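Student: Before I ask anything, let me first share the structure, which is written out below as structure tokens.
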Amino acid sequence: MTARAPRGYLAAMRIGVLGTGPVGQAIATRLVELGHDVTMGARDAANEKAAGWARDHGAGAGTFGQAAAGAELVVNATAGSHSLDVLARADPGPATVVLDVSNALDGNVPPGLTVPYGDSTAERLQRAHPGTRVVKALNTMNCDVMVHPELVPGEHDVFVAGDDAAAKAAVTGLLRQFGWPEAAIRDVGPLSAARGLEAAVLFWVALRLAIGHNRFNLHVTDGSAPSS
Ligand SMILES: NC(=O)c1ccc[n+]([C@@H]2O[C@H](COP(=O)([O-])OP(=O)(O)OC[C@H]3O[C@@H](n4cnc5c(N)ncnc54)[C@H](OP(=O)(O)O)[C@@H]3O)[C@@H](O)[C@H]2O)c1
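Numbered by my numbering, the letters in the sequence shown go through residues 542 to 769 in order.
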């Protein structure tokens with residue numbers, strides 16, 4: 542537990558971050574900085590990346606199940622092709638908000654997705670855990686940009702999809718804490734919109750190759766969103 546008060550709109554939450562890779566580390570670190578009570582989860586309770594991160598940040602580490610136990614919000618930051626298995630191991634409790642940032646890349650060059658056309662990892666997670674409330678967000682950008690949007694100059698957007706308004710509000714509150722301006726947080730509708738958000742990673746990879754670095758993001762201009 543930590544005594545630091547979170548900046549922004551939410552009280553400190555108990556959050557399980559499933560994933561020890563760059564995304565899990567970036568999100569978990571930012572959440573600790575913001576005063577949340579964070580446990581990082583891995584397949585193995587003795588996972589050295591999770592244990593080392595927890596030591597360095599005064600936070601918790603354990604199995605996926607231990608990270609999700611008692612959590613109000615769980616972040617799925619695991620390899621998308623294995624996220625169904627991960628969430629089964631984590632077994633989040635009823636009403637838990639599941640923030641899914643995963644992409645199910647197939648490892649090929651150029652990349653494809655392991656989720657078939659007409660479905661998404663987020664919807665699969667929701668179907669497998671109907672008591673939880675899955676929200677898709679943040680998967681359309683690099684992990685440093687996710688938690689530090691100021692790294693990309695100018696206006697750029699984060700997209701949020703989900704079927705539960707309160708769960709979306711909880712995720713949106715976290716995004717504001719990360720530093721996302723109100724006008725940059727784009728609600729793109731129900732969880733089925735995750736199909737497009739997940740497919741966008743294919744475009745992201747092409748942009749990454751063309752631009753030559755990770756610190757870029759997408760921005761939608763439609764004339765309706767006020768500048769912030
Ligand atoms: N890197 C980025 O900037 C970025 C940006 C947007 C979205 N994403 C997406 O975010 C997710 C996390 O990405 P990442 O780059 O941090 O790391 P990653 O290498 O894609 O995923 C690491 C996590 O996946 C788990 N994992 C791997 N194989 C597994 C298996 N067979 N069964 C169960 N769990 C398995 C690992 O578990 P252990 O800890 O137990 O090894 C680890 O926690 C991915 O879906 C990625 O596509 C990444």
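Virtual Cβ for every residue (Gly too), placed ideally from N, Cα, C.
Bear in mind that the values here come from a model prediction, so they are computed numbers and not experimental data.
Is VAL627 near ligand 1 - that is, is its Cβ less than 7 Å away from at least one heavy atom of it?
Tutor: Correct: VAL627 has its Cβ closer than 7 Å to ligand 1.
Student: Can you tell me the Cα-Cα spacing of PHE757 and MET682, whole angstroms?
Tutor: Going from the Cα of PHE757 to the Cα of MET682 covers about 8 Å.
Student: How is ASP763 classed by DSSP in three states: helix, strand or coil?
Tutor: Looking at ASP763 - three-state DSSP - the assignment turns out to be coil, as it is neither helix nor strand.
Student: Within the present structure, is the beta-carbon of PRO633 separated from the nearest heavy atom of ligand 1 by less than 7 Å?
Tutor: Answer for PRO633: no, Cβ out of range of ligand 1.
Student: Which same chain residues end up closer than 8 Å to GLY659 when comparing Cβ atoms and leaving out the 5 residues on each side of it in sequence?
Tutor: Taken in chain order, the residues that qualify are ARG736.
Student: Residues in its own chain within less than 6 Å of ALA600 by CB, not counting five upstream and five downstream?
Tutor: Cβ within range, chain order: VAL573, VAL579.
Student: Check whether the Cβ atoms of ALA631 and GLY606 sit closer than 8 Å, and answer yes or no.
Tutor: Result yes, Cβ atoms of ALA631 and GLY606 sit closer than 8 Å.
Student: If we ignore side chains and look at the alpha-carbon of each, how far apart do VAL638 and PRO694 end up?
Tutor: Each residue's alpha carbon lies about 30 Å from the other.
Student: In the DSSP assignment, what are the bridge partners of GLY601?
Tutor: Paired residues: THR580.
Student: Skipping 5 residues on each side, what residues in its chain have a beta carbon closer than 6 Å to that of ARG727?
Tutor: Cβ neighbours of ARG727 beyond the five flanking positions: ASP698, PHE700.
Student: Taking DSSP as the reference, what is the three-state secondary structure of VAL676?
Tutor: In the structure shown, VAL676 sits in a strand (DSSP, three-state: E or B).
Student: Where VAL761 and ALA587 are concerned, what is the direct C-alpha to C-alpha distance, given to the nearest angstrom?
Tutor: So the two alpha carbons sit approximately 43 Å from each other.
Student: Could you name the residues that DSSP lists as bridge partners for VAL650?
Tutor: Looking at the DSSP assignment, VAL650 forms no beta bridge with any residue, so it has no partner.
Student: What are the start and end residues of the alpha helix (DSSP H) that includes GLY565?
Tutor: First-last of the alpha helix (DSSP H) with GLY565: 563-574.
Student: Tell me which residues share the same chain as THR662 and place their Cβ nearer than 7 Å to its Cβ, disregarding the 5 neighbours each side in the sequence.
Tutor: The answer, listed in chain order, is GLY621, SER624, ASP641, SER643, ALA645, VAL656, GLU739.
Student: Counting along the chain, where does the beta strand (DSSP E) carrying ARG736 start and finish?
Tutor: Taken as a continuous stretch (DSSP letters only), ARG736 belongs to no beta strand (DSSP E), being part of the alpha helix (DSSP H) at 735-752.
Student: Residues in its own chain within less than 7 Å of HIS689 by CB, not counting five upstream and five downstream?
Tutor: Cβ neighbours of HIS689 beyond the five flanking positions: GLY720.
Student: Taking 7 Å as the cut-off, is the CB of GLY621 close to at least one heavy atom of ligand 3?
Tutor: The ligand content of the structure shown is limited to ligand 1, which means ligand 3 is not among them.
Student: Of the residues VAL558, LEU692, ALA711, VAL676, which one's Cα is nearest the Cα of GLY703?
Tutor: For GLY703, the nearest C-alpha among the options comes from VAL676.
Student: Whose C-beta lies closer than 6 Å to the C-beta of PRO731 among residues of the same chain, with five residues either side of it excluded?
Tutor: Cβ neighbours of PRO731 beyond the five flanking positions: ASP704.
Student: How about ALA669 and ALA629: do their beta carbons lie closer than 8 Å?
Tutor: Going by C-beta atoms, ALA669 is nearer than 8 Å to ALA629.
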